[in-house]
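> Chains as they are written, first to last, in full-length UniProt numbering: chain C, 1 to 508; chain G, 1 to 348; chain X, 1 to 322. Could you have a look at this structure, given as structure tokens, before my questions?
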Amino acid sequence: MQATEGVPVLDARGIVKVFGQHTALGGVDFDLRAGEVHALLGENGAGKSTLIKILTGAYQPDGGTVLLDGAPVSFRDPLQAQGYGIGTVYQEVNLLPNRSVAENLFLGRQPTRFGLVRRREIESRARTLLADYGLEIDVRAELSEYSVAVQQIVAIARAVELSGKVLVLDEPTASLDRNEVQRLFDVVRNLKARGLGIIFITHFLDQVFELSDRVTILRNGRKIATQPLAGLSTADVVRMMLGKDVSLDHHVTGIADAARGATRVTFRDLGRTGSVAPITLSVHEGEVVGVAGLLGSGRTEVARLMFGVDAADSGEILVDGAPVTIRNPAQAVAAGFGFCPEDRKIDGIFGDLSVRENIIIALQAKLGWFRALNREDQVELAGRYAEALDIRAANHDMPVKLLSGGNQQKVILARWLALDPNFLILDEPTRGIDVGAHAEIVRTINRLREEGLALFVISSELDEVVAYSNRVVVMRDREMVAELTGAAVAPDSIVQAIAGVPAVEVAQ
Amino acid sequence: MTRPTVELRPAHEPPGHRHRPWAEALLRPQFLALAAVLLVNWLLFPGFFTITWQDGRLFGSLIDVLNRGAPVAILAIGMTAVIATKGVDLSVGAVMAIAGAVAASMVVAGWPAGLAVLAALAVGLVCGLWNGVLVTVLQIQPIIATLVLMVAGRGLAQLVTEGSIVTFSDPLLIFIGTGSVLGLPTPVVIALSLMLCATLLVRRTALGLLIEAVGVNRSAARFAGIRASALLLLVYAFAGLCAAIAGLIVTGDIRGADANNAGLWLELDAILAVVIGGTSLLGGRFSIPMSVVGAMIIQAMNTGILISGFSPEFNLVVKSGVIIVILVLQSPMAASILQKRRIKGGRA
Amino acid sequence: MALYKQLALGAGLAALLSTAAHADLSGKVIGFSQIGSESGWRAAETSVTKAEAEKRGVDLKFADAQQKQENQIKAIRGFIAQGVDAILVAPVVSTGWDEVLTEAKEASIPVVLLDRGIDASQDLYLTSVASDQVKEGRVAGEWLVKTVGDKPCNVVELQGTVGSSPAINRKQGFEEGIAGHANITLTRSQTGDFTRAKGKEVMEGFLKAEGGGKSICAVYAHNDDMAVGAIQAIKDAGLKPGSDILVVSIDAVPDIFAAMAAGEANATVELTPNMAGPAFDALDAFLNGGTVPEKFIITESKLYTPADNPQGEYEARKGLGY
């Protein structure tokens, strides 16, 4: 059954959500029709989860309106949204594992008589209900006795029972195997046939194509497109997710062919079972190796292996031709590596420490416990790198948490530059920072390359990757699937490599 | 080989706050609280500030405050470092009992006192390392990890003393508990020296900064190449060592190792001293001297209650009331209100 | 060291046990559920009970409950299953005994409670042997009255843990003992938590607050440990305990006798660890003669002073596990 045209069941218009200085959603439109599966796509930080939280009542929007069946609504909390007919099922089933299936289905609204729960009635109703979903199980057994897929279906059944108009599936398939996914999809198709509007969030593109009618793509808090999937290719979707969006004041040409120096680091068959298939790669002095791939492709995992955050279980690492052992970050730092992690707040910034201390901390860690940098040296180092990177802070003794995201990112970059590194890994260096700072970071990366540093830069912004990379490594399904050089370092060929178009075509 | 160099330009030193003026430091809520408690003590007992010279040592209520506060101050020195890493050590009271029991049993069994003291310190160190291993290697939450030794440690101490108070007359142990150096009680001299050494150690080396970094953000510390596990081991071992020193003092003081009662609940006083001193239980910035001031505030209160003549049923009520006032005074909200008033005052 | 201890134990027991004369309990099997070994006195009670049993030829089944009632209940059920002749229990708490004691009663096994009472029907146990804490305080007070005569005397008191029954009762008893003697006044009273360290600290405070101790005539401590701490504080203040300030306390643990022998303590009231002696006597009379004992047997609260050979008492007691 195809999606019906007409008044959308759920219609969000011009939704704005601001957190502090950061605009998470800048006027996003989204509409859902009855009887369609509508996929919502976007990289980390694109605004997917913020939008969902607004549609399900967990957040209140700062601007825009939400219409349900054409009438404006505003939800105090998810419970109220549920009352209006919007139910949500998350990746982690949030039911009560040690209660029976039947109890889970009717928890909070058990049929009672004289204040007593009518167990029999609950159980027979539960059986009837689950039969609609093709589940014939013992509803008296504890929920935890069943597989995640069954629990997922129970959660869906409960959500549909409670709400019945709109169902939000937030990464429901992440922990399911192939057969279980199919079973779940059958359930979803069935619900679609019953006329529910279903929002489907996942980062598995093949599942999007298999199940969805339309797709909405978000990037950097804005809607890129809403289109029927029929007629779209994987490459189109990838391009919209990663493609040009921010205008960068840099020239794209010539970098791929820029001169590079001697081999600085070599990773040979570096891998970790269950995380990343072994990869072999060298990075030279004065070279930026860009890394492209979708969320979950293994791009961050590679960086973590290189830096010893996760210990590799195969392969070796050579620095200037000599083997080094890197089993933890301290050893990586000793080998002259630096790593600006993707999640600045969690893995990078010491919020309560001063700007100065944040800058000198890695150097101090390398020097050890007893060779303390004296205050004069600290002030000098912090001053030098703050100036070189144009870190804007009232003074360097203020807590770094008071700086903007872009300045915090530059503080972390300064931390590693102060170490005079051999090799620098940047994971999404421009995420969550404003456009001006964005371009500045890109310029800085280019300058560091020109000064002879070897860099490994992960980014989901293709224009950005192209702007500074000599070579681009493409990751898919936790495997390095392509290494693009020369003219192939261009958004189109990267998109095709990510989308899985055969490498031969890419080379042409 | 070309090394990347970022263009060097002359550094501008930002307007620094290098040395706080002493006057401002003394206006911290902790010093005000200490002064207030001492003042109340003086009002309750006019002879409170009287200090006399007797039998070759200083004698007076103020000296009692320092002397009785020394064990908690010493515990607080070790506890400060642990709390700065976002941890906590509940076992220090029990470790005090173990250390005292070991020292007392050894001198009673005829070992040289010096060796007994070293053994007690070593046992404290081992207890601290044990906590550290539970926290770092087994990754147990500090409050649970140290709870193990808090409960089991007292049992260990009782095993060592066989359930009774092991009394001794060894001059070295008695000197540690009740002797005097240049007129000051030995415990006071030990606590002050330890405070100075520990403060110099953490501030003249990088240890202080690295401990704060681990406490503020352990994950970021790992990414920055800080060997957080080794640092945590060190910090817990130091707390164990401090506990052993405190245990020797209380054992020497009563000339006996009382496994049931030595250090009982003192871990809570030590945590309170650290918190009063301004170190957050969420880790990060810490000050060892301020924790010692915190310990002195607690003891000044205890001594005040003793000499006030109130019925003992009021002890806990009075104590908790004063502590609430102190904690409110140094809460962020009070700080911002004070700041506003200061700005207003400046404009007026 | 162990051998030495045993020898000392033997000598001490001979002194303690010499009073009783007994008929025959030999060959009887008696279970004893002890609380644990949380204090020196408790340890002494255990050793004395074992020695009393050995002396009478009783086959004593000992069970240490480690401060847990559930362990005691398990132990008692075990004793019932073994078909013992009688059961001794030092109950860790006062409630929750009805069921297991009913089981014992149905099995016709007499139960004797030691040193603590319980909230249960009196039918459920044969008798209980305990000291009278009020009386202990009264004996201490009466000793002070007799010792100071008509002279004025300011007394400071080191209380036990606030709210504990020995602290309440020993305070009440002492006040009864000095009642009607206006020359004796209780000037200060603080808790020393039954410990040496706190006893010393509190006494230090009292000495400062009372003009260096010049106006203190006597210190009354609810237990000997606090008195031992107070004695050290008095010495540190440059006064002579035992003469400048009189020291009277309760429990009669070995260390107070050592202080007494050194002239630093004046009196202590015994809380005897020998609860088992009277218990065995009562069982003897009941099992062999059918005599039902009184429901509450009160142990003697004996006063010891330097006239009672403190050095000998010290030697006799120090091996008992105090």
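Ideal Cβ placement from N, Cα and C applies to all residues, glycine included. These figures come from a predicted structure and were not determined experimentally.
1. Interface residues of chain C around R68 of chain G at Cβ under 9 Å?
2. Drop a sphere of 10 angstroms on the beta-carbon of R120 of chain C, count the other beta-carbons inside from all chains shown, and report buried for 16 or more, exposed for fewer.
3. With H, G and I counted as helix, E and B as strand and the rest as coil, what does DSSP make of K165 of chain C?
4. Quick one: what's got a C-beta closer than 8 Å to V495 of chain C's C-beta in the same chain, skipping five residues either side?
5. Per DSSP, S100 of chain C forms a beta bridge with which residues?
6. Measure from the C-beta of E267 of chain G to each C-beta in chain X and report whether the shortest distance is under 8 Å.
7. In the DSSP assignment, what residue or residues form a beta bridge with K223 of chain C?
8. Between the segment 73 to 84 of chain G and chain C, which residues of the former have a C-beta closer than 9 Å to a C-beta of the latter?
9. Can the beta-carbon of T147 of chain X be found closer than 8 Å to that of L246 of chain X?
10. Can you tell me which residues form a DSSP beta bridge with C153 of chain X?
11. Is the segment 105 to 124 of chain X touching the segment 147 to 157 of chain X, taking contact as three or more C-beta pairs under 8 Å?
12. Touch check for the segment 246 to 254 of chain G and the segment 376 to 395 of chain C: three-plus C-beta pairs under 8 Å?
13. Leaving out five residues on either side along the sequence, give the residues of the same chain with a beta carbon under 6 Å from the beta carbon of H181 of chain X.
14. Spatial neighbours of F48 of chain G within its chain, please: C-beta separation below 6 Å, excluding the five flanking residues on both sides.
15. Output needed for Q129 of chain C: all residues of its chain with C-beta closer than 8 Å, excluding positions within five of it in sequence on either side, in chain order.
16. Excluding five sequence neighbours on each side, which residues of the same chain lie with their C-beta closer than 6 Å to the C-beta of H251 of chain C?
17. Let me make sure I understand the geometry here. Which of C:Q60, C:A39, C:R219 has the alpha-carbon closest to that of F19 of chain C?
18. Return yes when the Cβ of R299 of chain C is within less than 8 Å of the Cβ of V291 of chain C, no when it is not.
19. Looking at chain G, is there any beta carbon in it that lies within less than 8 Å of the beta carbon of D77 of chain C?
20. Within the same chain, show all residues whose beta-carbon is closer than 7 Å to that of G47 of chain C, passing over the 5 residues directly before and after it, in chain order.
21. Relative to the C-alpha of I190 of chain G, which candidate in G:L329, G:G256, G:N67 has its C-alpha closest?
22. Report the three-state DSSP secondary structure of G14 of chain C (helix, strand or coil).
23. Restricting to Cα atoms, I'd like to know which of G:A230, G:N217, G:D258 is closest to M226 of chain X.
24. Since D352 of chain C sits in a beta bridge, which residues does DSSP pair it with?
25. Compute the distance between the beta-carbons of G304 of chain G and L44 of chain G, then report whether it is under 8 Å.
26. Let me know if S493 of chain C comes out buried or exposed under the rule of 16 or more other beta-carbons within 10 Å of its beta-carbon.
27. Would a check of beta-carbon distances place R415 of chain C closer than 8 Å to chain G?
28. DSSP state of Y125 of chain X, grouped into three classes?
29. Less than 8 Å between CB atoms is the rule here; does R196 of chain X satisfy it with respect to chain G?
30. For I391 of chain C and chain G, any beta-carbon pair shorter than 8 Å?
31. Residues bridged to I201 of chain C by DSSP?
32. Taking Cβ-Cβ distances shorter than 8 Å, what residues in chain C pair up with V216 of chain G?
33. For K61 of chain X, name the three-state secondary structure that DSSP assigns.
34. Does the Cβ of residue 402 of chain G have 16 or more other Cβ atoms within 10 Å, making it buried, or fewer, making it exposed?
35. Determine, using beta carbons only, whether G263 of chain X comes closer than 8 Å to chain G.
36. Taking the alpha-carbon positions, what's the residue 534 of chain C to R178 of chain C distance?
Per the coordinate set shown:
1. Position 68 of the second sequence, counting from 1, holds the residue named residue 68 of chain G. The contact set of R68 of chain G on chain C, defined by CB atoms closer than 9 Å, is empty, because the minimum CB distance reaches about 34 Å.
2. The count along the first sequence starts at 1 and reaches residue 120 of chain C at position 120. So R120 of chain C ends up on the exposed side.
3. Indexing the first sequence from 1 puts residue 165 of chain C at position 165. DSSP places K165 of chain C in coil when its eight states are reduced to three.
4. Within the first sequence, the letter at position 495 stands for residue 495 of chain C. If you ignore the 5 residues before and after V495 of chain C, its C-beta comes within less than 8 Å of the C-beta of A235, V238, R239, L242, G243, L462, all in its own chain and listed in chain order.
5. If you number the first sequence from 1, residue 100 of chain C lands on position 100. DSSP, once it has assigned bridges, lists C:E142 as partnering S100 of chain C.
6. For the purposes of this step, residue 267 of chain G is identified with residue 267 of the second sequence, where counting begins at 1. No, no contact with chain X.
7. Here the question's residue 223 of chain C lines up with position 223 in the first sequence. Partner(s): C:L218.
8. So the list is empty, because no residue satisfies the distance condition.
9. As a first step, residue 147 of chain X must be located in the third sequence, where it is residue number 147. As a first step, residue 246 of chain X must be located in the third sequence, where it is residue number 246. At a Cβ-Cβ threshold of 8 Å, T147 of chain X and L246 of chain X count as neighbours.
10. As a first step, residue 153 of chain X is located in the third sequence; it is residue number 153 there, counting from the start. Bridge partners of C153 of chain X according to DSSP: X:I184.
11. As far as the Cβ criterion goes, the segment 105 to 124 of chain X does not touch the segment 147 to 157 of chain X, which means the pair count is below three.
12. For the pair of segments examined, the segment 246 to 254 of chain G was found not to touch the segment 376 to 395 of chain C: the number of CB pairs separated by less than 8 Å stays below three.
13. Locating residue 181 of chain X in the third sequence gives position 181, counting from the first residue. Only V145 meet the Cβ criterion.
14. Residue numbering aside, residue 48 of chain G sits at position 48 when the second sequence is read from its first letter. Same-chain partners within the cutoff: N41, W42, S61.
15. In the first sequence, the residue the question calls residue 129 of chain C occupies position 129. Note that residue 129 of chain C is Leu in the sequence shown, not Gln. Hits under 8 Å: L105, A157, E161.
16. As a working note, residue 251 of chain C is residue 251 in the first sequence. Here H251 of chain C scores only 44 on pLDDT, less than 50, and its place in the model is too uncertain to base an answer on.
17. To locate residue 19 of chain C, count along the first sequence from 1; it is residue 19. Minimum Cα-Cα distance from F19 of chain C among the listed residues C:Q60, C:A39, C:R219 corresponds to C:Q60.
18. Here residue 291 of chain C corresponds to residue number 291 of the first sequence, with the count starting at 1. Here residue 299 of chain C corresponds to residue number 299 of the first sequence, with the count starting at 1. In contact: V291 of chain C and R299 of chain C (Cβ atoms closer than 8 Å).
19. Position 77 of the first sequence, counted from the first residue, corresponds to residue 77 of chain C. So no, D77 of chain C is outside the interface.
20. Counting from one through the first sequence, the residue named residue 47 of chain C turns up at place 47. In its chain, beyond the 5 residues on either side, A24, L25, V28, L218, G221 have a beta carbon closer than 7 Å to the beta carbon of G47 of chain C.
21. Position 190 of the second sequence holds residue 190 of chain G. If we check each option's Cα against that of I190 of chain G, G:N67 comes out closest.
22. Working through the first sequence from its first residue, we reach residue 14 of chain C at position 14. In the structure shown, G14 of chain C sits in a strand (DSSP, three-state: E or B).
23. Sequence index remark: in the third sequence, residue 226 of chain X carries index 226 (1-based). Looking at G:A230, G:N217, G:D258, the one whose alpha-carbon comes closest to that of M226 of chain X is G:D258.
24. Against the first sequence, residue 352 of chain C aligns to sequence position 352. Its beta-bridge partners do not exist; DSSP assigns none.
25. The residue labelled residue 304 of chain G in the question sits at position 304 within the second sequence. The residue labelled residue 44 of chain G in the question sits at position 44 within the second sequence. Closer than 8 Å, so yes.
26. For this step, residue 493 of chain C is matched to residue 493 along the first sequence. Residue burial annotation: S493 of chain C is buried, with at least 16 other C-beta atoms found within 10 angstroms of its C-beta.
27. Residue mapping note: residue 415 of chain C aligns to position 415 of the first sequence, counting from 1. At least one chain G Cβ lies under 8 Å of R415 of chain C.
28. Taking the first residue of the third sequence as position 1, residue 125 of chain X is located at position 125. Y125 of chain X falls in the coil class under three-state DSSP.
29. Along the third sequence, read from residue 1 onward, the residue named residue 196 of chain X stands at position 196. It does; some Cβ of chain G falls within 8 Å.
30. To locate residue 391 of chain C, count along the first sequence from 1; it is residue 391. False, the Cβ-Cβ gap to chain G never drops below 8 Å.
31. Against the first sequence, residue 201 of chain C aligns to sequence position 201. DSSP links I201 of chain C through a beta bridge to C:L40, C:D170.
32. Locating residue 216 of chain G in the second sequence gives position 216, where the first residue counts as 1. By Cβ distance, chain C contributes F350, G351, D352, L353.
33. What you label residue 61 of chain X is simply residue 61 of the third sequence in a count that begins at 1. Three-state result, K61 of chain X: strand.
34. Only positions 1 to 348 of chain G appear in the structure, and residue 402 of chain G is not among them; the question remains open.
35. Within the third sequence, numbered from 1, the residue matching residue 263 of chain X stands at position 263. Judged by the 8 Å Cβ criterion, G263 of chain X is not in contact with chain G.
36. Look at the range of chain C in this structure, 1 to 508, and you will see that residue 534 of chain C is not part of it.
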